[in-house]
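In our numbering, the protein residues as written are 9 to 182. Down below is the structure, laid out as structure tokens.
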Ligand SMILES: Cc1cc2nc3c(=O)[nH]c(=O)nc-3n(C[C@H](O)[C@H](O)[C@H](O)COP(=O)(O)O)c2cc1C
């Protein structure tokens, strides 16, 4: 059984592109990459680390239980599983110039669900190097996971992904 599963879902392809970059940082023998719409939640308990990747596309997309939001559908079923022994890390995409008051808010939604699952959240990320005014995706000066801004800072993405995944691999001893 592999150690890591990356679950992703976005709207226009940025999330999937970054999910593939994250996946490329792991050895294939250790990691699976699965669209959250097609994952079998019963298999999740066998991994050591789940990585969630998503974009922030406005509160309405997260908080109502719309059927077209695959994350809502996923969390409804995943939270019925016993996953408290897992580690969870997240990456979230956002745009700090157009949405400075809600930059990567989606990381906060991931955090909330991970805590409901009673899992251990790893992979917090410094807020230094970004310019924004507020975010539900952070506490005590750190984002709950890796913040990626493909709209404004795409030139920093590769380095951020590498540094972040190096930290996760160290935690897992792989
Ligand atoms: C309708 C819409 C609303 C958005 N709202 C936010 C937001 O509240 N906060 C944020 O940081 N980024 C926001 N963004 C920016 C996206 O998160 C960003 O462009 C991301 O790269 C999109 O990835 P995707 O196309 O894979 O979903 C929004 C984008 C759109 C189109």
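We put the beta carbon where it would ideally sit given N, CA and C, even for glycine. Since the model is a prediction, treat every value here as computed from it, not as a measurement.
Answer yes or no: the CB of residue i versus the heavy atoms of ligand 2, is any distance below 7 Å?
| i | result |
| --- | --- |
| residue 113 | Absence of ligand 2 from the depicted structure is noted, with ligand 1 being the only ligands included. |
Any chance the CB of residue i is under 7 Å from a heavy atom of ligand 1?
| i | result |
| --- | --- |
| residue 101 | yes |
| residue 22 | yes |
| residue 171 | no |
| residue 138 | no |
| residue 153 | no |
| residue 65 | yes |
| residue 163 | no |
| residue 158 | yes |
| residue 18 | yes |
| residue 93 | no |
| residue 55 | no |
| residue 107 | yes |
So, helix, strand or coil for residue i, using DSSP?
| i | result |
| --- | --- |
| residue 109 | coil |
| residue 18 | coil |
| residue 95 | strand |
| residue 169 | helix |
| residue 103 | coil |
| residue 88 | coil |
| residue 63 | strand |
| residue 147 | strand |
| residue 141 | coil |
Decide if residue i is buried, meaning its Cβ has at least 16 other Cβ atoms within 10 Å, or exposed.
| i | result |
| --- | --- |
| residue 121 | buried |
| residue 54 | exposed |
| residue 142 | exposed |
| residue 91 | buried |
| residue 46 | exposed |
| residue 117 | buried |
| residue 147 | exposed |
| residue 15 | buried |
Between residue i and the rest of its own chain, which residues show a CB-CB distance below 8 Å, the 5 nearest in sequence each way excluded?
| i | result |
| --- | --- |
| residue 173 | 30, 33, 34 |
| residue 10 | 37, 38, 39, 40, 55 |
Keeping to the same chain, check which residues put their C-beta closer than 6 Å to that of residue i; ignore five residues upstream and five downstream.
| i | result |
| --- | --- |
| residue 83 | 121 |
| residue 138 | 104 |
Excluding sequence positions up to five away, which residues of its chain have a Cβ less than 7 Å from the Cβ of residue i?
| i | result |
| --- | --- |
| residue 65 | 19 |
| residue 149 | 135 |
| residue 126 | 92 |
Start and end of the beta strand (DSSP E) containing residue i?
| i | result |
| --- | --- |
| residue 154 | 154-156 |
Where do the ends of the alpha helix (DSSP H) carrying residue i lie?
| i | result |
| --- | --- |
| residue 114 | 114-124 |
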